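Report on the structure given below.
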Amino acid sequence: MKSAPILLALAGVTALAATKPKPEFQYQSAGIAIPVPTADEPKAAAFGPESVRAAARYMEDGALSWVREKSCVNCHTTGPYLSERPALTPWLGKPSEEVLANFIEAVPEQVKPQQETEKDGHRYYAGSWTSIWRSLGLAEWDRHVTGALSPHTDLSLREMFERQSASGAFVSYGEVEIPHITTDFELTLQAARAVTAAPGWLEKQTDPALLARIGKMKDWLRDAPPRNDFDRVLRLQLAHYFPGLVTPAQTGSALALLAAKQHADGGWSTRDFSAVEDWHYKMS
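Read left to right, the sequence shown gives residues 6 to 289 (the working numbering).
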């Protein structure tokens, strides 16, 4: 029976998972100790200035902990921190210079052609998602904090396009980490956000090769068939960055789909937007 070895293997994995101790902290560094979230943890008694300050402190401490202990730019901590936190500068003050410095340090000194690689029959450019999240964070800092395009953001964006696939998409390989490593459409959408966030970057481009890459990205985003309902709803975000790429019919359809997925409590669950096998290549 072929199923017997499979069942035994699954049993072994389950037993290993049961014996492996869960970490006590989600983020931990000198002076920072954030417990792992749980479903039954106490909720804030009321929403107000104190809870806003607590949320801001959580974002700050998590990002600083990651920079100090892991150092890499990622899609789940420092990436969202630097892509979202700068817009809150008028209310929460300037974001962390330490996180910014980490992103600047991750920008290569010069733009070089990259080699496409292949794994399990899937072709992609290594580091594509890292280059996008790095560029997006730097672009949002320039937009909301300094108001001017910086040399390192310009360099980061140009280097990002060296990791674009021939189709015009940006492709990653590896585990799905919802909500920010999901589909090629979602990753390419983040690249589109980066180039539109950087102050004046699109308007200043004159290099024919780079303009061709930007055009291919836009063409792919306009024409790519959606992999799942998540991609369909993300067209609303694309319409904000490049309005001409999304038709009124697609906008209406995406809004109707989003309304249909809403839960009775007013919220949404990312799990409702795709079958497990339709997210990407393998689940983490």
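Glycine residues also receive a C-beta, built at the ideal position from the N, C-alpha and C atoms. These numbers come from a predicted model, not from an experiment.
Boundaries of the beta strand (DSSP E) in which residue i is found, first to last residue
i, result
"serine 258", "Note, serine 258: premise wrong, no beta strand (DSSP E); alpha helix (DSSP H) at 253-265."
"serine 34", "30-34"
Residue i: first and last residue of the uninterrupted alpha helix (DSSP H) it sits in
i, result
"glutamine 195", "189-202"
"tyrosine 86", "83-89"
"leucine 69", "54-74"
"glycine 220", "213-228"
"threonine 158", "156-165"
"threonine 94", "94-97"
"glutamine 112", "A quick correction: the sequence has valine, not glutamine, at residue 112. Careful: valine 112 lies outside any alpha helix (DSSP H) and carries neither H nor E."
"leucine 207", "206-209"
Beta-carbon contacts of residue i that lie in its chain and below 6 Å, excluding the five residues immediately before and after
i, result
"arginine 148", "Ala202 and Pro204"
"glycine 67", "Tyr32 and Thr82"
"glutamate 121", "Arg128 and Tyr130"
"serine 155", "Asp147"
"alanine 229", "Phe190"
"alanine 60", "none"
Residues bridged to residue i [DSSP beta-bridge criterion]
i, result
"phenylalanine 235", "Partner(s): none; phenylalanine 235 has no beta bridge."
"isoleucine 186", "Glu182"
Coil, strand or helix - residue i by DSSP
i, result
"tyrosine 129", "strand"
"lysine 124", "strand"
"proline 40", "strand"
"histidine 268", "coil"
"glutamate 282", "helix"
"arginine 276", "helix"
"serine 136", "helix"
"proline 248", "helix"
"proline 10", "The predicted model places proline 10 with a pLDDT of 47, which falls under 50 and marks its position as unreliable; any figure quoted below should be read in that light. Residue state, collapsed to three classes: helix."
"glycine 152", "coil"
"leucine 15", "The predicted model places leucine 15 with a pLDDT of 47, which falls under 50 and marks its position as unreliable, so this point remains unresolved."
"glycine 142", "helix"
"alanine 106", "helix"
"glutamine 169", "coil"
Close-in-space but distant-in-sequence residues of the same chain around residue i (CB under 7 Å, 5 per side omitted)
i, result
"lysine 223", "Phe247 and Leu250"
"glutamate 103", "Leu69 and Val72"
"arginine 227", "Leu250"
Proximal residues to residue i (C-beta, below 8 Å), its chain only, five neighbours per side dropped
i, result
"threonine 158", "Ser140, Leu143, Ala144, Trp146, Asp147, Ala203 and Trp206"
"isoleucine 11", "Here isoleucine 11 scores only 44 on pLDDT, less than 50, and its place in the model should not be relied on; the value that follows carries that caveat. So the list is empty, once near-sequence residues are dropped."
"asparagine 233", "Thr188, Phe278, Ser279, Ala280, Asp283 and Trp284"
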